[in-house]
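Colleague:
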Amino acid sequence: MNDTILQLAFAIHHGRGMYALLLGSGISRPAGIPTGWEITKEMIRQVAALKGQENVPSFEEWYRSEYSEEPEYDAVLARLGSTPIDRNRIIKQFFEPTEEELEEGIKQPTPAHHAIAWLVKHGYVRVIVTTNFDQLLENALREVGVVPYIVKSDDEFSSMTPLQHSDITIIKIHGDYKDWQIKNTTEELAQYCDAANICLTRIFSEYGLIICGWSGDYDTALRGLLMQDASTGPKFGTYWAYKSNLTDKAKSVVDHRNVSQVVIKDANQFFTDLRETVESLERLSAKSDISTAVLTQRVTRLLSDKKYVELEDLIRREINEAYERFTSAEFQEQRSAIQTGPDGHFGNEQKMWQLYFNAVERVLAIVSTLGWYGDENTTGLIIFGIERFAEPPDDPSQRHHYFRLFPSLLAIYSAGIAMVERSHWRELAQILRSPQISEVNRIARNVETNYMSAIVYLSEHLILETYYKRTNLFKGKKTSVVEEMARTDIANLLQEYLPQNSLFERAFDLFEMLFCLVYIAMTNDNSNSVWTPTHATLFSRSGNYLVKHWEKMALDSHFLNSGLVADGIEGISSILKKYSAQNSGIDVRNYAHHFDMAESRGRNHGIYL
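Using the working numbering, you'd call the opening residue of the sequence shown number 102 and step up by one each time.
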């Protein structure tokens, strides 16, 4: 499957209702529905036949010569039918199937229409803009019990129901074949009414956009709205699915909106693949009857009431269900869909990360709550989750699959960042130092407990050093795996507790710094230098803005006696100097200096005995 389709499926799945569709004639052509211009040309042929002119070189040129006017849809139709009933009968032949066509499945909803109907029914798509006159999409929606709200004329734009108040709005920007006011000529396609412009501008700027079956060549007004000034440009991504090369006019839209291009076999295959992938993601991340928000509220209430037995039962059940999700055969199929390298390695770490995040998101919401409101009585539940997620599945081929430790790493971050902000130092020390992972003893090198080595070595060292250098993913940047891949996801989990971005940034940086220091502290290497995880590079990024927080912690006896680092302030100062010696390009001596100064002040005030 195309990687861009996978990316789009993830975007739709995590942004339910945030993507709109822009559909053109390529969606309905496989059903035998002609384009507007093809209908016009056929009607001209019929007019010529009535005049006894059946073998002319060009029917369009004949029409211009015969009537001294452009061959426009409404004018040509008026020459074939003198009354609205006559005209409607003429148009029906192009859109409504005969009995023979019904038997052959012609002019019926296609697999693309059915796939779109599924996306609409499940709330993934709520706005559709189409240039098509047919009603195949409406028919597909009605088959699954969805009745769309339809806007098909200038008058209806002026009085339309707001988009947010409708489950599904279909905007037939060029009209409906049963309506006299359809747009087909060059002049009609050059500009829309003010109400239509306002509506479409909002859609193209406030929604992500999936374009399929539309060439972008003839619809001048529509193309212009897609190329508005960047200040009103799209807030979400734009994806354009097409079969052959895009024209220069279409490429101008691609360049302006930074469109992700998807080369497809046809619309049927594209929307079927998209629907199946989103459906698989939906099953993988299926929640229990309790929503995540209600679940965290329940956890908070049980913590407040000190109902630890009931709390433990709830959390262990959620952890085990999450483990079953990301070790299931269905999950492995999704993982395999992302696998690209012939050597069994993966070429798209971001998608792999997101796949695992989806599977454990509910548990991460729980451990964030425990990190914020919990204490030493509940830290064991977080450790249980970390250890459980790190257990290899029964399949021996997955025992050393590097990405399987991502859920554990995510749990550490989700709980740890909350603990840092709440100054829960002893609990933080427990989740960083206590967990054990027996299956990776062979990786434990010069570390008191193999757990920290496994997490850092597998999730940071091997992935970063092996994959990222090979794929040049980060292009020389020094950053942690979590910062590059899941920082936003974790920020969303902690949004209730850390609503300001600056608060989250500070807690995130402090946590990564402590994670690095704990790793160094657990190293038995007696030399003056030691390999350190990439978290340590945050020292260079953060500059001096964390110094005041270091000074505060250096005077906090709870922090120094938490067990994060042995020997209290002297131990931390020693680690900082040791790290600086190993990484001469990153100067952390300033932090060490502040700890030395704080130690002196602390002794003068009787804090250190």
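Every residue gets a Cβ at the ideal spot worked out from N, C-alpha and C, and that includes glycine.
(1) Residue 347 and residue 320: beta carbons closer than 7 Å?
(2) Please report the residue range of the beta strand (DSSP E) in which residue 229 lies.
(3) Is residue 408 helix, strand or coil by DSSP?
(4) Helix, strand or coil: which one does DSSP assign to residue 313?
(5) Among residues of its own chain, excluding the 5 on either side of residue 296, which ones have a beta-carbon nearer than 6 Å to its beta-carbon?
(6) Residue 153: buried (16+ other C-beta within 10 angstroms of its C-beta) or exposed?
(7) Which residues does DSSP list as the beta-bridge partners of residue 341?
(8) Are the segment 393-409 and the segment 462-481 in contact at 8 Å, needing three or more beta carbon pairs?
(9) Which of helix, strand or coil does DSSP assign to residue 562?
(10) In terms of alpha-carbon separation, which member of 522, 256 and 416 lies closest to residue 609?
(11) Taking one C-beta from the segment 128-138 and one from the segment 219-238 each time, how about it: are there three or more such pairs within less than 8 Å?
(12) Pull up the distance between the alpha-carbon of residue 195 and that of residue 318, whole angstroms please.
(13) Quick check: is any heavy atom of the ligand SAM less than 6 Å from the C-beta of residue 271?
(14) Does the distance from the C-beta atom of residue 435 to that of residue 465 stay below 7 Å?
(15) Whether or not the segment 243-258 and the segment 353-368 are in contact is what I'm after, with contact meaning three or more pairs of Cβ atoms, one per stretch, closer than 8 Å; do they touch?
(16) Could you spell out the range, first to last residue, of the beta strand (DSSP E) harbouring residue 273?
(17) Determine, using beta carbons only, whether residue 266 comes closer than 7 Å to chain C.
(18) Could you check how far apart the C-beta atoms of residue 506 and residue 491 are, in whole angstroms? I think they sit under 8 Å.
(19) Under the DSSP definition of a beta bridge, which residues are partnered with residue 252?
(20) Are residue 118 and residue 224 close, meaning C-beta to C-beta below 7 Å?
(21) I need the DSSP call for residue 667, collapsed to helix, strand or coil.
(22) On the DSSP letters alone, give me the boundaries of the beta strand (DSSP E) that residue 123 sits inside.
(23) Return the first residue and the last residue of the alpha helix (DSSP H) that residue 221 is part of.
(24) Could you tell me the distance, in whole angstroms, from the CA atom of residue 312 to the CA atom of residue 123?
(25) So residue 592 packs on residue 605, CB below 8 Å; how close in whole Å?
(26) Would you mind reading off the limits of the alpha helix (DSSP H) that contains residue 614?
(27) Taking 7 Å as the limit between beta carbons, can you name the residues of its chain near residue 51, skipping five residues before and five after?
(28) Given a cut-off of 7 Å on the beta-carbon distance, is the pair residue 91 and residue 480 in contact?
(29) What would DSSP say about residue 206, mapped onto helix, strand or coil?
(30) State buried or exposed for residue 392, treating a residue as buried only when at least 16 other CB atoms are found within 10 Å of its CB.
(31) In whole angstroms, what is the alpha-carbon distance linking residue 662 and residue 338?
(32) What did DSSP end up calling residue 154 once you bin it into helix, strand or coil?
(33) With 16 other CB atoms within 10 Å as the buried threshold, where does residue 262 fall?
(34) How is residue 117 classed by DSSP in three states: helix, strand or coil?
(35) List the endpoints of the continuous alpha helix (DSSP H) containing residue 294.
Modeller: Looking at the atomic coordinates:
(1) Taking the first residue of the sequence shown as position 1, residue 347 is located at position 246. Taking the first residue of the sequence shown as position 1, residue 320 is located at position 219. No; because the gap between Cβ atoms is not below 7 Å, this pair is not in contact.
(2) The residue you call residue 229 lines up with position 128 of the sequence shown. Counting along the chain, the beta strand (DSSP E) containing residue 229 begins and ends at 226-231.
(3) Indexing the sequence shown from 1 puts residue 408 at position 307. In the structure shown, residue 408 sits in coil (DSSP, three-state: anything other than H, G, I, E or B).
(4) Working through the sequence shown from its first residue, we reach residue 313 at position 212. Three-state DSSP puts residue 313 in a strand.
(5) To locate residue 296, count along the sequence shown from 1; it is residue 195. For residue 296, where only same-chain residues beyond five positions count, the Cβ hits under 6 Å are 258 and 259.
(6) The residue given as residue 153 occupies position 52 in the sequence shown. Classification of residue 153: exposed, given that the 10 Å Cβ count is below 16.
(7) Position 240 of the sequence shown, counted from the start, is the residue given in the question as residue 341. Partner(s): 312 and 362.
(8) yes
(9) Here residue 562 is taken as the residue at index 461 of the sequence shown, counted from 1. With a pLDDT of 48 at residue 562, under the threshold of 50, the modelled position of that residue is not reliable, and no figure is offered here.
(10) Counting from 1 along the sequence shown, the entry for residue 609 is found at position 508. Checking every option, the nearest Cα to that of residue 609 belongs to 522.
(11) yes
(12) As a working mapping, residue 195 is identified with position 94 in the sequence shown. As a working mapping, residue 318 is identified with position 217 in the sequence shown. Near 23 Å, if we compare the C-alpha coordinates of residue 318 and residue 195.
(13) Absence of the ligand SAM from the depicted structure is noted, as is the absence of any ligand whatsoever, leaving it without description.
(14) For this step, residue 435 is matched to residue 334 along the sequence shown. For this step, residue 465 is matched to residue 364 along the sequence shown. Their beta carbons are not under 7 Å apart, which means residue 435 does not touch residue 465 by this criterion.
(15) no
(16) Mapped onto the sequence shown, residue 273 falls at position 172. Residues 270-273.
(17) Annotation note: the requested chain C is absent from the structure, which comprises a single protein chain.
(18) What you label residue 506 is simply residue 405 of the sequence shown in a count that begins at 1. What you label residue 491 is simply residue 390 of the sequence shown in a count that begins at 1. That pair is a contact at about 6 Å.
(19) Against the sequence shown, residue 252 aligns to sequence position 151. Partner(s): 272.
(20) The sequence position of residue 118 within the sequence shown is 17, counting from 1. The sequence position of residue 224 within the sequence shown is 123, counting from 1. Against a cut-off of 7 Å, the Cβ pair of residue 224 and residue 118 comes out as a contact.
(21) As a first step, residue 667 is located in the sequence shown; it is residue number 566 there, counting from the start. Correct three-state label for residue 667: coil.
(22) Residue 123 sits at position 22 when you count from the first residue of the sequence shown. Its beta strand (DSSP E) spans residues 120-124.
(23) Locating residue 221 in the sequence shown gives position 120, counting from the first residue. From DSSP, the alpha helix (DSSP H) with residue 221 extends over 212-222.
(24) What you label residue 312 is simply residue 211 of the sequence shown in a count that begins at 1. What you label residue 123 is simply residue 22 of the sequence shown in a count that begins at 1. Cα-Cα distance, rounded: 5 Å.
(25) Translated into the one-based positions of the sequence shown, residue 592 becomes position 491. Translated into the one-based positions of the sequence shown, residue 605 becomes position 504. Indeed, because the Cβ distance is near 5 Å, the residues count as touching under 8 Å.
(26) The residue labelled residue 614 in the question sits at position 513 within the sequence shown. Its alpha helix (DSSP H) spans residues 602-622.
(27) Look at the range of the chain in this structure, 102 to 710, and you will see that residue 51 is not part of it.
(28) Lying before the first or after the last residue shown, residue 91 is absent from the chain, which here runs from 102 to 710.
(29) Along the sequence shown, read from residue 1 onward, the residue named residue 206 stands at position 105. Coil, per DSSP.
(30) Indexing the sequence shown from 1 puts residue 392 at position 291. That one is exposed.
(31) Counting from one through the sequence shown, the residue named residue 662 turns up at place 561. Counting from one through the sequence shown, the residue named residue 338 turns up at place 237. For residue 662 and residue 338, the distance between alpha carbons rounds to 49 Å.
(32) For the purposes of this step, residue 154 is taken as the residue at position 53 of the sequence shown. It is coil, neither helix nor strand.
(33) Reading the sequence shown from its first residue, position 161 is the one you call residue 262. By the 10 Å Cβ count, residue 262 comes out exposed.
(34) Translated into the one-based positions of the sequence shown, residue 117 becomes position 16. In this structure, residue 117 counts as coil in the three-state DSSP scheme.
(35) For the purposes of this step, residue 294 is taken as the residue at position 193 of the sequence shown. Segment: none, residue 294 is in no alpha helix (DSSP H) and carries neither H nor E.
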